[in-house]
Amino acid sequence: MRHLLSIADLGADGIEEILRLTDSFVEVSARNIPKVPVLRGKTVVSLFYEDSTRTRLSFEAAAKRLSADTMTFSVGTSSVKKGESVRDTLQTIEAMGVDAIVVRHGSAGVPVQVARWGTSAVINAGDGWHEHPTQALLDCYTIRQRLGSLAGRSIAIVGDIKHSRVARSDVLAFTALGAEVTLVAPPTLLPPSLDGWPVKVSHDLDAVLPTTDVAYLLRMQQERMTEALVPSLREYSTCYGMTSARADRLADTSLIMHPGPMNRGVEIAAEVADRPNATVVDQVRNGVPVRMAVLFLLLGSGSTLYDPVPDPATPDDETEHDEHGSAGA
Amino acid sequence: MSPDDIQRAVWRMAHEIIEHNHGLENVVLIGLQTGGVPLAGLLAEDLRQIDDIELPFGSLDVAFYRDDIGLRPILPEAVTDIPFDLSGKIVVLVDDVLFTGRTIRAALDALTDFGRPRSVQLAVMIDRGHRELPIRPDYVGKNLPTRRDEVVNVGPLGVELGETRK
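One line per chain: the protein sequences are A and B, in this order. The numbering of the first sequence is the numbering used here, which starts it at 100 and goes up by one. The numbering of the second sequence is the numbering used here, which starts it at -12 and goes up by one.
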C-alpha cells in the first residue's frame, strides 16, 4: 500500500488488515510510555487547506507515537495566501524531504492529484464531499469494539448525506464488512443520484429506529443553512434529531455514533450524547491507533498488498462518487 | 531433543533461576512472542512446583522494535501483555532459540518502555550460535551447533533441525 486515498482502494481485506493492526497499536497506546520506534527518521507533514482540529491532532499524535517527526503546513499562515498553487506547495514540501503527506482540501480529488504529482505517501484526511477514509476506519473499529462484528448489522446513517464525505467513506467501509446501511434524510439532503450505492433509503427515522444496531448521526452543517435545504434547524431536529425519546426506543445494545464536532440540541440531544451507548469519545480515542496503523502500513511495514497508486496514463477513475464530489465545499 | 528432554531442561533452568537469584523475590517472567511464551509458561509451572509461588508473567512482542522492521509480518496472535510495572524487578526474558541476538536487542529496548528493571536475565531453550551482537544467555536448555542456513524448530514435539533455508 503506497497511499490511502479512498476506502474503495482497500476492499474488505485491506480494512480488516488495518483493523487487525490497530489492535497492536491500542495496546501500545495503553502503555506508560505509549511510543514505539517504528518510524524513526521518517517525516510526516500535515497539509491542511481546511480547518480541522481533531483530525490534524489525531494524525500528529499517531505520527509522534510511532517516533516520526511531524510538520504542519497550515494554509492560513503560509505562502498559499500569496497565491501559491497546490503543485508548487507540494514541490516545496517534498524538496525538504518528507515521507508522508496528510492532505485535507475543500475540493474532491486533491489527494489523488498530490499522489500523482509527488513521491511521498499520501493520506486523504478529507477531500470535499468525496471521502474521509480514516474516519470510516475508526468508525469500523469502534463498532467492532462494541458489537464484535459488523456483519449483518443494520446501520442507519442519519442527516446531511449530500455534503458528507464521512457518509461516503462509511457506506463503502460498512458495506464492505457486511453491514446493511440505510440512509435516513430528507430528500434535499440526499445526493441527487444514489445509483450504485449499496444502501436503502428512508425518510422516516422513527420507522427505522427499532431495527437499528447503530445510529450514525451526521453533523448538520449550519454553514450550509443558507441553501435552505431544510426549513429550520428546529424542524430538522424534530424530524431527524436523536432526541431523548428516540434514543429510548433504541435497543440497549444499539450504538449512537457521531463523527464530531457535535451540535448538541440539533442532530443529537445534549443528554443523549453523554449516554453510555454514545460512542463519540471512543471514536476520537480510537482515531489515534487507527491512524498509527495506517501510517505504519504506508511507511513502516513495506507491505505491498494493496497498491491504489493512480495510474498517470489513464484519466480519472469514473467512480460513482465523482459527480457528487467534484463540486467541492 | 525430545519433549522429555525439554521438560528436564526446563526443570534444571528453573532451579538455576532460583539458585542464581537466591530465591524468587522480585523475579518476573516475560516470554517473547511467539516461541518464548509457551516456554515461559513451562518455566512458571516448574517454579510454582519448586517454590510454591505464582510469578508475575507477561508476554512481549518486539516487532515494533526490530531493526529489520518491514521484513517480517506483524502477527495477529503476537500480543504484548505486561500487566505490571517492571521497575525494580528482576526480569527473566524467555525465548525458544537464541541466534543472532537481534531479537533480544529489540526486547531490551522494548523493556525500557515498561519501566526500569533492576536486572534483566535471559533464558533460552536452544543457543545455536552465530551471534551478531554482544549478547549471551544466562540460562540455556541446550547448546546446539548449527550452520547459519539451518532452521531450528522448537515445538510441542521437541527440538528439530529443519530444512535448509533457500
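Note that the Cβ used here is the ideal one computed from N, Cα and C, for glycine as well.
Check: Taking the Cβ atom as the reference point for each residue, do A:ALA203 and A:PHE147 lie within a distance shorter than 7 angstroms?
Finding: One-based indexing of the first sequence puts residue 203 of chain A at position 104. One-based indexing of the first sequence puts residue 147 of chain A at position 48. According to the sequence displayed, residue 203 of chain A carries Arg and not Ala. A contact, by the Cβ cut-off of 7 angstroms.
Next item on the list: Could you check if A:PRO414 is buried or exposed, using at least 16 other CB atoms within 10 Å of its CB as the buried criterion?
Entry: Within the first sequence, the letter at position 315 stands for residue 414 of chain A. The predicted position of A:PRO414 is uncertain, since its pLDDT is 42 and thus under 50; a value taken from the coordinates is nonetheless stated next. The residue in question, A:PRO414, is exposed, as its Cβ has fewer than 16 Cβ neighbours within 10 Å.
Item checked: Buried versus exposed call for A:SER263 [16 or more other C-beta atoms within 10 Å across all chains shown] -> As a working note, residue 263 of chain A is residue 164 in the first sequence. Buried.
Check: In three-state terms, what does DSSP make of B:GLN36?
Finding: As a working note, residue 36 of chain B is residue 49 in the second sequence. Looking at B:GLN36 - three-state DSSP - the assignment turns out to be helix.
Checklist line | B:ALA156 vs B:PHE44 beta-carbon contact at 7 angstroms | finding: Given a span of -12 to 153 for chain B in the structure shown, any question on residue 156 of chain B remains unanswerable.
Item checked: Cα-Cα separation between A:ILE106 and A:TYR240, rounded to whole angstroms -> Here residue 106 of chain A corresponds to residue number 7 of the first sequence, with the count starting at 1. Here residue 240 of chain A corresponds to residue number 141 of the first sequence, with the count starting at 1. Going from the Cα of A:ILE106 to the Cα of A:TYR240 covers about 14 angstroms.
Notebook entry, point to check: Closest Cβ-Cβ distance between B:ILE56 and chain A: below 7 angstroms?
Noted result: Working through the second sequence from its first residue, we reach residue 56 of chain B at position 69. At least one chain A Cβ lies under 7 angstroms of B:ILE56.
Margin query: Quick check on A:SER248: does DSSP put it in helix, strand or coil?
Written below: For the purposes of this step, residue 248 of chain A is taken as the residue at position 149 of the first sequence. Reduced to three states, the DSSP call for A:SER248 is coil.
Item checked: Contact list for the stretch 130 to 146 of chain A against chain B, Cβ threshold 8 angstroms -> ARG130, ASN131, ILE132, LYS134, VAL135, PRO136, VAL137
Item checked: Residue-level contact to chain B via CB, A:GLY247, 7 angstroms cutoff -> On the first sequence, position 148 is the one that residue 247 of chain A refers to. Judged by the 7 angstroms Cβ criterion, A:GLY247 is not in contact with chain B.
Checklist line | DSSP beta-bridge partners of A:LYS299 | finding: Mapped onto the first sequence, residue 299 of chain A falls at position 200. In the DSSP output, where bridge partners are listed per residue, A:LYS299 has A:THR281.
Margin query: Is there a Cβ of chain A sitting closer than 7 angstroms to that of B:ASP(-8), yes or no?
Written below: The residue you call residue -8 of chain B lines up with position 5 of the second sequence. No, B:ASP(-8) lies away from the interface with chain A (no Cβ there is under 7 angstroms from its Cβ).
Next item on the list: Taking only beta-carbon positions, decide if B:PRO25 is within less than 7 angstroms of chain A.
Entry: Position 38 of the second sequence, counted from the start, is the residue given in the question as residue 25 of chain B. With 7 angstroms as the cut-off, B:PRO25 does not count as an interface residue toward chain A.
Margin query: Going by DSSP in three states, A:LYS141 sits in which element: helix, strand or coil?
Written below: For the purposes of this step, residue 141 of chain A is identified with residue 42 of the first sequence, where counting begins at 1. Coil.
Item checked: Buried versus exposed call for B:PRO124 [16 or more other C-beta atoms within 10 Å across all chains shown] -> By one-based count along the second sequence, residue 124 of chain B stands at place 137. Under this definition B:PRO124 is a buried residue.
Margin query: Please identify, using Cβ separations under 8 angstroms, the residues of the stretch 103 to 133 of chain A that lie next to chain B, in order along the chain.
Written below: ARG119, LEU120, ASP122, SER123, GLU126, VAL127, ARG130, ASN131, ILE132
Check: B:ILE113 and B:LEU131: beta carbons closer than 7 angstroms?
Finding: On the second sequence, residue 113 of chain B is found 126 positions in, with the first residue counted as 1. On the second sequence, residue 131 of chain B is found 144 positions in, with the first residue counted as 1. Cβ distance < 7 angstroms, so B:ILE113 and B:LEU131 count as in contact.
Note to self: Rounded to whole angstroms, what is the Cα-Cα separation between A:VAL365 and A:LEU288?
What the structure shows: What you label residue 365 of chain A is simply residue 266 of the first sequence in a count that begins at 1. What you label residue 288 of chain A is simply residue 189 of the first sequence in a count that begins at 1. If I take the Cα positions, the gap works out to 15 angstroms.
Notebook entry, point to check: Hey, is the stretch 389 to 401 of chain A in contact with the stretch 93 to 112 of chain B, meaning 3+ C-beta pairs nearer than 8 angstroms?
Noted result: No contact exists between the stretch 389 to 401 of chain A and the stretch 93 to 112 of chain B.
Checklist line | Proximity test, Cβ basis, 7 angstroms: B:PHE71 and chain D | finding: No chain D is part of this structure, whose protein chains are labelled A and B.
Notebook entry, point to check: Start and end of the alpha helix (DSSP H) containing A:GLN190?
Noted result: Taking the first sequence and counting its residues from 1, the one referred to as residue 190 of chain A is at position 91. Note, A:GLN190: alpha helix (DSSP H), 185 to 194.
Check: Excluding sequence positions up to five away, which residues of its chain have a Cβ less than 8 angstroms from the Cβ of A:ALA297?
Finding: For the purposes of this step, residue 297 of chain A is taken as residue 198 along the first sequence, with counting starting at 1. Residue 297 of chain A is actually Pro in this sequence, not Ala. Correct list, in chain order: VAL270, THR274, VAL280.
Notebook entry, point to check: Does DSSP put B:HIS7 in a helix, a strand or coil?
Noted result: Here residue 7 of chain B refers to the residue found at position 20 of the second sequence. Reduced to three states, the DSSP call for B:HIS7 is helix.
Check: If you check the beta carbons only, do A:VAL197 and A:THR154 fall under 7 angstroms apart?
Finding: Stepping through the first sequence from its first residue, residue 197 of chain A is reached at position 98. Stepping through the first sequence from its first residue, residue 154 of chain A is reached at position 55. Not closer than 7 angstroms, so no.
Next item on the list: Could you have a look at A:TYR148 and say whether DSSP puts it in helix, strand or coil?
Entry: Locating residue 148 of chain A in the first sequence gives position 49, counting from the first residue. Coil.
Check: Can you pull the DSSP bridge partners for A:ALA162?
Finding: Taking the first residue of the first sequence as position 1, residue 162 of chain A is located at position 63. DSSP links A:ALA162 through a beta bridge to no other residue.
Check: Could you give the distance in angstroms between the alpha-carbon of B:ILE4 and the alpha-carbon of B:LEU85?
Finding: Here residue 4 of chain B refers to the residue found at position 17 of the second sequence. Here residue 85 of chain B refers to the residue found at position 98 of the second sequence. Looking at the two C-alpha atoms, the distance is approximately 18 angstroms.
Check: For A:VAL221, which residues from the same chain have a beta carbon less than 7 angstroms from its beta carbon, with the 5 sequence-adjacent residues on both sides left out?
Finding: The sequence position of residue 221 of chain A within the first sequence is 122, counting from 1. Contacts found: HIS102, LEU104, ILE200, VAL202, PRO210, VAL213, ALA214.
Next item on the list: Let me know if A:ASN385 comes out buried or exposed under the rule of 16 or more other beta-carbons within 10 Å of its beta-carbon.
Entry: Within the first sequence, numbered from 1, the residue matching residue 385 of chain A stands at position 286. A:ASN385 is buried by the Cβ-count criterion.
Next item on the list: Give the residues of chain A in contact with B:VAL66, contact being defined as C-beta atoms less than 9 angstroms apart.
Entry: Counted from its first residue, the second sequence places residue 66 of chain B at position 79. What B:VAL66 touches in chain A: ASP122, SER123, GLU126.
Next item on the list: Just the chain A side, please: which residues come within less than 9 angstroms of B:ARG61 by C-beta, in chain order?
Entry: Your numbering for residue 61 of chain B matches position 74 in the second sequence. Sequence inspection shows Ile at residue 61 of chain B; the Arg mentioned does not correspond to that position. Under the 9 angstroms cutoff, chain A gives ARG119, LEU120, SER123, PHE395, SER400.
Margin query: Just to check my reading of the structure: B:VAL49 and B:ALA97 have Cβ atoms closer than 8 angstroms, yes? What is that Cβ distance to the nearest angstrom?
Written below: Numbered from 1 along the second sequence, position 62 holds the residue referred to as residue 49 of chain B. Numbered from 1 along the second sequence, position 110 holds the residue referred to as residue 97 of chain B. Right, the Cβ-Cβ distance comes to about 5 angstroms (below 8 angstroms), so this counts as a contact.
Check: Is there a Cβ from chain A that is less than 7 angstroms from the Cβ of B:ASP100?
Finding: Sequence index remark: in the second sequence, residue 100 of chain B carries index 113 (1-based). For B:ASP100, the answer is yes, since a Cβ of chain A falls inside 7 angstroms of its Cβ.
Checklist line | Cross-strand partners of B:ASP114 (DSSP beta bridge) | finding: Residue 114 of chain B sits at position 127 when you count from the first residue of the second sequence. BP columns for B:ASP114 point to B:LEU85, B:ASN130.
Next item on the list: Please list the partners that B:PHE154 has in chain A, where partner means a Cβ-to-Cβ separation under 8 angstroms.
Entry: The structure shown has nothing for residue 154 of chain B, since chain B only spans -12 to 153.
Next item on the list: Verify whether the separation of the beta carbon atoms of A:SER166 and A:ARG130 is less than 7 angstroms.
Entry: Start at 1 with the first residue of the first sequence, and residue 166 of chain A comes out as number 67. Start at 1 with the first residue of the first sequence, and residue 130 of chain A comes out as number 31. Taking 7 angstroms as the Cβ cut-off, A:SER166 and A:ARG130 do not qualify as a contacting pair.
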